[in-house]
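Quick note: the sequence shown uses our numbering, first residue -15, plus one each step. Even for Gly, the Cβ is constructed at its ideal location relative to N, Cα and C. As the structure is a computational prediction, the values presented were derived from the model and not from experiment.
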Amino acid sequence: IDVDLIGVASLDTNIHLRGSGDINIDINNLAPDEDGEGSVASLVRGVVDAYSRCGLNYGGFDLYTLSDIKSGIGVSSSASFAILIGFVLSKLYNGGSVSPLALAMFAKYAENVHFGKECGIMDQISCGYGGTVYMDLKREDYPIVKYVDVDFSKFSHRMYLIDTKSSHRTLSDYYSAVSEEMRAVARVFGKQRLCDVAEEDVFTDIKLV
């Protein structure tokens, strides 16, 4: 994969983002801002808010970013940026001690609560861990993540990332409907989540669905 998000950061009294533009964020105001939903600032504020709520150290920083990840086309641009912010706070204020899983959870919180995107945690885990990973998301509060040793040079495959010149931003309601439809099927079987329903039960009572 030859696209990347790179950041260079230093300590500062407040938060200042540079790169695609200059953005200043008040470190003392971490409340969600409905008017700012969907913005870069909302992602940063959300990750810092997550650090604050978990009792971790946080503070200001000056961050310059350079990215060739297309935004808004469904290739984890927001997740990767939120992970970068979490990584900066981990390195500058917590000695790099914050785990990839915690970074992923903080990024998900930022996207759900501050950014206004009803997403899961797969993208955040992928960006936080790097490489190829196995995920078991049955326990939402503590997913099981393991690295998978894969040498792609042994396979006759190529991966292409195609810029469709469009955005998935207008499809958020359809995206959210997928999880709601799955929960609706689970409720038919007396469960809250579809992963708690046995596959054979679904096929036995498929007419109910």
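Closest residue to residue i among the options (Cα-Cα distance)
i: Val169; options: Thr148, Asp157, Leu192; result: Leu192
i: Arg29; options: Glu21, Leu14, Gly22, Leu145; result: Leu14
i: Ala91; options: Val72, Val162, Leu47; result: Val72
i: Val129; options: Val31, Glu164, Leu121; result: Leu121
i: Asp135; options: Ala86, Thr148, Gly44, Val117; result: Val117
First and last residue of the uninterrupted beta strand (DSSP E) at residue i
i: Ile7; result: 7 to 9
i: Val(-8); result: -11 to -5
Counted within 10 angstroms of its Cβ, other Cβ atoms place residue i as buried (16 or more) or exposed
i: Lys33; result: The displayed chain sequence assigns Asp, not Lys, to residue 33. Label assigned to Asp33: buried.
i: Ser110; result: buried
i: Asp189; result: exposed
Spatial distance of residue i from residue j (CA atoms)
i: Asp(-4); j: Ile9; result: 12 Å
i: Ile216; j: Leu27; result: Only positions -15 to 193 of the chain appear in the structure, and residue 216 is not among them; the question remains open.
i: Val24; j: Pro16; result: 13 Å
i: Tyr42; j: Ser36; result: 7 Å
i: Val(-13); j: Met143; result: 12 Å
i: Pro84; j: His141; result: 28 Å
i: Phe187; j: Glu102; result: 29 Å
Residue i, enclosing alpha helix (DSSP H) - first and last residue
i: Ala170; result: 156 to 172
i: Val134; result: Run containing Val134: none; DSSP gives neither H nor E here.
- beta strand (DSSP E) runs wholly inside the segment 99 to 129, at least 3 long, in chain order: 117 to 120
- Unbroken beta strand (DSSP E) runs of length 3 or more, entirely within the segment 27 to 84: which are they? 45 to 51
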